[in-house]
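Chemist: So that we are looking at the same thing, I have put the structure below in structure tokens.
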Amino acid sequence: TRRKRTTMEATGSNSDLQHERDTATIRSEDFAIWWAGGRVALEQQRSLERHFLEDPEFEDAVHPSFLSYKERYEHALAKGSKFVVKLREWQRRNQSEDQAVGGDELPDIQVLHNLRMLMSGSLGTALFQQSFPLRLHYSMFLSTLLNQGTPEQQRQWLTRAWRLDGVIGTYAQTELGHGSYIRGLETRADYDPKSCEFVLNTPTLSAYKWWPGGLGHTANMVVVLAQLYIRGKHHGLQPFLVRIRDQQTHEPMPGIDVGDIGAKAGANAVNNGFLGFRNVRIPREQMLMKNAQVLEDGTFVKATQPLLLYGTMVFVRVMIVRDVMFGLLQAATIATRYSAVRRQSPIEPHEAEPQILDHLTQQVKVLPQVARGVCYRLAADVLWAFYQRVMTQLASKQTEAAAGRELAELHALSCCLKSVCTLDAAEGIDVLRKACGGHGYLASANFDSIQGLANAAVTYEGEYTVLLLQTARFLQRQYVDGLKRKVLPASVAYLRDASRLSWSNNNLLENVARALEISATEQVRDAWQWQQTQRKHGQYTQEQLTNLAGRRLTAAASLHGHVYLVRNCIKQLKQLQNSSNNLKPELLEILQQLIELFVLDTLLRQLGAVLKWNSISGRQLQQVEQRYEQLLQQLRPNAVALVDGFDFHDRVLGSTLGCHDGRVYERLMEHARGNPLNQQVVNRSYHTHLRPLMQGKL
Numbered sequence: 001t002r003r004k005r006t007t008m009e010a011t012g013s014n015s016d017l018q019h020e021r022d023t024a025t026i027r028s029e030d031f032a033i034w035w036a037g038g039r040v041a042l043e044q045q046r047s048l049e050r051h052f053l054e055d056p057e058f059e060d061a062v063h064p065s066f067l068s069y070k071e072r073y074e075h076a077l078a079k080g081s082k083f084v085v086k087l088r089e090w091q092r093r094n095q096s097e098d099q100a101v102g103g104d105e106l107p108d109i110q111v112l113h114n115l116r117m118l119m120s121g122s123l124g125t126a127l128f129q130q131s132f133p134l135r136l137h138y139s140m141f142l143s144t145l146l147n148q149g150t151p152e153q154q155r156q157w158l159t160r161a162w163r164l165d166g167v168i169g170t171y172a173q174t175e176l177g178h179g180s181y182i183r184g185l186e187t188r189a190d191y192d193p194k195s196c197e198f199v200l201n202t203p204t205l206s207a208y209k210w211w212p213g214g215l216g217h218t219a220n221m222v223v224v225l226a227q228l229y230i231r232g233k234h235h236g237l238q239p240f241l242v243r244i245r246d247q248q249t250h251e252p253m254p255g256i257d258v259g260d261i262g263a264k265a266g267a268n269a270v271n272n273g274f275l276g277f278r279n280v281r282i283p284r285e286q287m288l289m290k291n292a293q294v295l296e297d298g299t300f301v302k303a304t305q306p307l308l309l310y311g312t313m314v315f316v317r318v319m320i321v322r323d324v325m326f327g328l329l330q331a332a333t334i335a336t337r338y339s340a341v342r343r344q345s346p347i348e349p350h351e352a353e354p355q356i357l358d359h360l361t362q363q364v365k366v367l368p369q370v371a372r373g374v375c376y377r378l379a380a381d382v383l384w385a386f387y388q389r390v391m392t393q394l395a396s397k398q399t400e401a402a403a404g405r406e407l408a409e410l411h412a413l414s415c416c417l418k419s420v421c422t423l424d425a426a427e428g429i430d431v432l433r434k435a436c437g438g439h440g441y442l443a444s445a446n447f448d449s450i451q452g453l454a455n456a457a458v459t460y461e462g463e464y465t466v467l468l469l470q471t472a473r474f475l476q477r478q479y480v481d482g483l484k485r486k487v488l489p490a491s492v493a494y495l496r497d498a499s500r501l502s503w504s505n506n507n508l509l510e511n512v513a514r515a516l517e518i519s520a521t522e523q524v525r526d527a528w529q530w531q532q533t534q535r536k537h538g539q540y541t542q543e544q545l546t547n548l549a550g551r552r553l554t555a556a557a558s559l560h561g562h563v564y565l566v567r568n569c570i571k572q573l574k575q576l577q578n579s580s581n582n583l584k585p586e587l588l589e590i591l592q593q594l595i596e597l598f599v600l601d602t603l604l605r606q607l608g609a610v611l612k613w614n615s616i617s618g619r620q621l622q623q624v625e626q627r628y629e630q631l632l633q634q635l636r637p638n639a640v641a642l643v644d645g646f647d648f649h650d651r652v653l654g655s656t657l658g659c660h661d662g663r664v665y666e667r668l669m670e671h672a673r674g675n676p677l678n679q680q681v682v683n684r685s686y687h688t689h690l691r692p693l694m695q696g697k698l
């Protein structure tokens, strides 16, 4: 028989999905505990989600896909305002009065990190599938005040911003004519020593600030990055705090031109805006002066660490790696559950239609993305710890010099991982959408929202090619230092390793890691040597050579990113194997399979570059492919239990295809019947246009 089994058990769950859970060799709860960082953290997360998701005020009466752009913004802002109030209530009850959002104790960078993760993680996604207008206030605006403001400025502005005391802000850097090339920004701030004020202007249309979230109609203050001029002399980009809307009326301030930039391919509740200045004056004290300073007489005091100006961007890029990991695993959970429910295309002609997850071709689409998401999480945790260490060192005069060296490595690594992870995650989410066939194209499947946010991350806070080129410059400097036998930073130490690939049939992971390291090293060397050779001819300037070497350089930086991800997850696996964290053997086995799958998948995806620089035989590649397929089959029985372990509430996924009960077809039909277009059996356009057209009366 070729029947499609959609029988519901007494629990109301799809029988195939329930069978997957019953026959798995791991308990989803065990994985969820490890994933959350322990039982206490998991229960706290669930408590917080229940606090919101069981409140009918946070349910959407109409699916967001049926709302207009204007309605989406107004709905998200109303819900976002309630969210802040209710979050504050929960934190006061479960944590402490002082540490709650808007409490008496000002946030440190860890508090802002946790808040950022909450808003872009499970709870924030459950409530705001297209993000929401206050997100930039709690991430980039507050973190900039914290990292760029003096203690006096923090007491005056961070306190008010944290408490929403007449201050809702955003971060305005990108302009209509310039994005990732921030030295090209045109907005300028001229210091007037007579009045001790800065005068801000956007001298051209392309100088308008463009894209900041919440800028359109939400924020009343902004941190503006502008070119500083003192008596006509240029002093580079500096951050300025500017009020753009009246605190009481919310009307734009004199000289301010501000509004929303319009609908986008995703994230349509963020309220991205434009902003222009015409002779807008602000007090000298509203230049954020923790690093560089302007004295009353116009004397400019240069920052000891110029890279600190970009601290906000480094912070956000570190966060973005986790953001895209989260979106990728959302999509992977939806596709995995759907693949266990959907039955189609018999493998044996006279057998019943199997679950499509039984097809190896479907496993190839779905399971490597699950593995990728887990390994991105491992990298994101290490990257955040690195960021914290560098920021702590910079705050200490004793370790400031060492921190300066590490800051360059952190900047390069955050640029690289932001580029590689966003690009691969966006591609992975699209693969997962396609893995759900035609149903994956429906708005109710929610891939459009997930994909929209991931696609945006590829280009915001640094366009991916530009960031790869920044990483490549760092790699070239380190390569030259390696030739001089200098000690290299940990993430690039492999550039000094001149050994060739020695293939071991018993250690595929090390084979892959070393092959990638050799490929990255040779690609860096190739780009550097090509420029050296061309320079001798004297035909091009160094800047022109850098441009002409762009393809070689971006390839080197991309390979470096994959080297880091592979080496990091192998290192994390060894730590898990050697630690005394009481991981159950079956859970450790699953993690080992996921990491191994990610490593082999990375090799197969980078095979062209690897074969360019390594001698690997066809038989050796067959060994990789055979192990790759074995891993897919080993992970297959635990696929559903594994994604259940990410502990996504149905509201987080927001998908008719990915709900925990597996009632895919029922939910699809229910959603279709709720379509406003179906509330009338005959739409009025039949009478006004269709019938006259058929009667020849138009």
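According to UniProt numbering, the sequence shown is numbered sequentially starting from 1.
Here a beta-carbon is modelled for each residue, glycine too, at the ideal position from N, C-alpha and C.
Residue range of the alpha helix (DSSP H) that residue 16 falls in?
Modeler: Here residue 16 corresponds to residue number 16 of the sequence shown, with the count starting at 1. Where residue 16 is concerned, the enclosing alpha helix (DSSP H) stretches over 15 to 23.
Chemist: Applying the 10 Å Cβ sphere with the 16-neighbour rule, what's the burial state of residue 345?
Modeler: Stepping through the sequence shown from its first residue, residue 345 is reached at position 345. That one is exposed.
Chemist: My understanding is that residue 734 touches residue 267, with C-beta atoms under 8 Å, so please give their C-beta distance in whole angstroms.
Modeler: In the structure as shown, the chain starts at 1 and stops at 698, and residue 734 therefore has no counterpart that could be examined.
Chemist: What's the C-alpha gap between residue 284 and residue 158?
Modeler: Taking the first residue of the sequence shown as 1, we reach residue 284 at position 284. Taking the first residue of the sequence shown as 1, we reach residue 158 at position 158. Residue 284 and residue 158: Cα-Cα distance of roughly 17 Å.
Chemist: Between residue 523 and the rest of its own chain, which residues show a CB-CB distance below 6 Å, the 5 nearest in sequence each way excluded?
Modeler: Mapped onto the sequence shown, residue 523 falls at position 523. If we look at residue 523 and ignore the five residues flanking it on each side, its Cβ neighbours are 555, 556, 559.
Chemist: Whole angstroms are fine: how far does the CA of residue 565 sit from the CA of residue 624?
Modeler: The sequence position of residue 624 within the sequence shown is 624, counting from 1. The sequence position of residue 565 within the sequence shown is 565, counting from 1. Approximately 19 Å, taken between the alpha carbons.
Chemist: Excluding the five sequence neighbours on either side, which residues of its own chain have a C-beta within less than 7 Å of the C-beta of residue 496, listed in chain order?
Modeler: On the sequence shown, position 496 is the one that residue 496 refers to. Contacts found: 482, 488.
Chemist: At a cut of 8 Å, does the stretch 427 to 436 reach the stretch 375 to 385 through at least three beta carbon pairs?
Modeler: Segments in contact, no.
Chemist: Within the chosen definition, does the stretch 519 to 538 reach the stretch 620 to 636 through at least 3 CB pairs nearer than 8 Å?
Modeler: These segments do not touch.
Chemist: Okay, do the stretch 595 to 609 and the stretch 566 to 578 touch, 3+ Cβ pairs below 8 Å being the bar?
Modeler: A contact exists between the stretch 595 to 609 and the stretch 566 to 578.
Chemist: In this structure, does DSSP put residue 189 in helix, strand or coil?
Modeler: Locating residue 189 in the sequence shown gives position 189, counting from the first residue. In this structure, residue 189 counts as strand in the three-state DSSP scheme.
Chemist: Which residue wins for smallest C-alpha separation from residue 214, given the options 352, 367, 269, 369?
Modeler: Walking along the sequence shown from the start, residue 214 turns up at place 214. Closest option to residue 214, Cα to Cα, is 269.
Chemist: Is the CB-CB distance between residue 261 and residue 272 below 8 Å?
Modeler: The residue given as residue 261 occupies position 261 in the sequence shown. The residue given as residue 272 occupies position 272 in the sequence shown. Yes, these two residues count as a Cβ contact at 8 Å.
Chemist: Go ahead and pull the three-state DSSP assignment for residue 324.
Modeler: Taking the first residue of the sequence shown as position 1, residue 324 is located at position 324. Helix at residue 324.
Chemist: DSSP three-state call for residue 212: helix, strand or coil?
Modeler: The residue you call residue 212 lines up with position 212 of the sequence shown. Note: residue 212 maps to coil in three-state DSSP.
Chemist: For residue 669, count the other beta carbons within 10 Å of its own beta carbon; 16 or more makes it buried, fewer makes it exposed. Which is it?
Modeler: Residue mapping note: residue 669 aligns to position 669 of the sequence shown, counting from 1. Its Cβ having fewer than 16 others within 10 Å, residue 669 is exposed.
Chemist: Buried or exposed for residue 418, going by 16 or more other Cβ atoms inside 10 Å?
Modeler: The residue you call residue 418 lines up with position 418 of the sequence shown. With 16 or more Cβ atoms within 10 Å of its Cβ, residue 418 is classed as buried.
Chemist: Who are residue 175's beta bridge partners in DSSP?
Modeler: Taking the first residue of the sequence shown as position 1, residue 175 is located at position 175. 209, per the DSSP bridge assignment.
Chemist: Any idea what DSSP makes of residue 100, helix, strand or coil?
Modeler: Here residue 100 refers to the residue found at position 100 of the sequence shown. Note: residue 100 maps to coil in three-state DSSP.
Chemist: Report all residues from its chain with a CB closer than 7 Å to the CB of residue 117; omit the five preceding and five following residues, and keep chain order.
Modeler: Reading the sequence shown from its first residue, position 117 is the one you call residue 117. Taken in chain order, the residues that qualify are 322.
Chemist: Under a Cβ-count criterion, where at least 16 other Cβ atoms within 10 Å of its own Cβ denotes burial, should residue 655 be classed as buried or exposed?
Modeler: Counting from one through the sequence shown, the residue named residue 655 turns up at place 655. Buried, because 16 or more other Cβ atoms sit within 10 Å of the Cβ of residue 655.
Chemist: Give the single residue among 16, 354, 237, 26 whose Cα lies nearest to the Cα of residue 590.
Modeler: The count along the sequence shown starts at 1 and reaches residue 590 at position 590. Checked all of 16, 354, 237, 26; the closest Cα to residue 590 is 26.
Chemist: Excluding the 5 residues preceding and the 5 following residue 67 in the sequence, name in chain order all residues of the same chain whose CB lies nearer than 7 Å to its CB.
Modeler: For the purposes of this step, residue 67 is identified with residue 67 of the sequence shown, where counting begins at 1. Once the five neighbours on either side are set aside, the close Cβ partners of residue 67 are 75.
Chemist: Going by other Cβ atoms of all chains shown within 10 Å of its Cβ, with 16 needed for buried, is residue 612 buried or exposed?
Modeler: For this step, residue 612 is matched to residue 612 along the sequence shown. Exposed, because fewer than 16 other Cβ atoms sit within 10 Å of the Cβ of residue 612.
Chemist: Return the chain-ordered list of same chain residues with a C-beta closer than 7 Å to the C-beta of residue 246, the five sequence neighbours on each side being excluded.
Modeler: Here residue 246 is taken as the residue at index 246 of the sequence shown, counted from 1. Once the five neighbours on either side are set aside, the close Cβ partners of residue 246 are 253.
Chemist: So residue 276 is in the beta strand (DSSP E); what residue range does that whole segment cover?
Modeler: Your numbering for residue 276 matches position 276 in the sequence shown. Residue 276 -> beta strand (DSSP E) spans 273 to 277.
Chemist: Compute the distance between the beta-carbons of residue 372 and residue 356, then report whether it is under 8 Å.
Modeler: Position 372 of the sequence shown, counted from the first residue, corresponds to residue 372. Position 356 of the sequence shown, counted from the first residue, corresponds to residue 356. No, Cβ-Cβ distance for residue 372 and residue 356 is not below 8 Å.
Chemist: Would you kindly work out how many angstroms separate the C-alpha atoms of residue 699 and residue 180, rounded to a whole number?
Modeler: Nothing can be reported for residue 699, as the shown portion of the chain is limited to 1 through 698.
Chemist: Using 8 Å as the threshold, is the C-beta distance between residue 126 and residue 53 below it?
Modeler: Here residue 126 refers to the residue found at position 126 when the sequence shown is read from its first residue. Here residue 53 refers to the residue found at position 53 when the sequence shown is read from its first residue. Yes; because the gap between Cβ atoms is below 8 Å, this pair is in contact.
Chemist: Check whether the stretch 161 to 178 and the stretch 209 to 227 touch, using three or more Cβ-Cβ pairs below 8 Å as the test.
Modeler: Verdict: yes, contact present.
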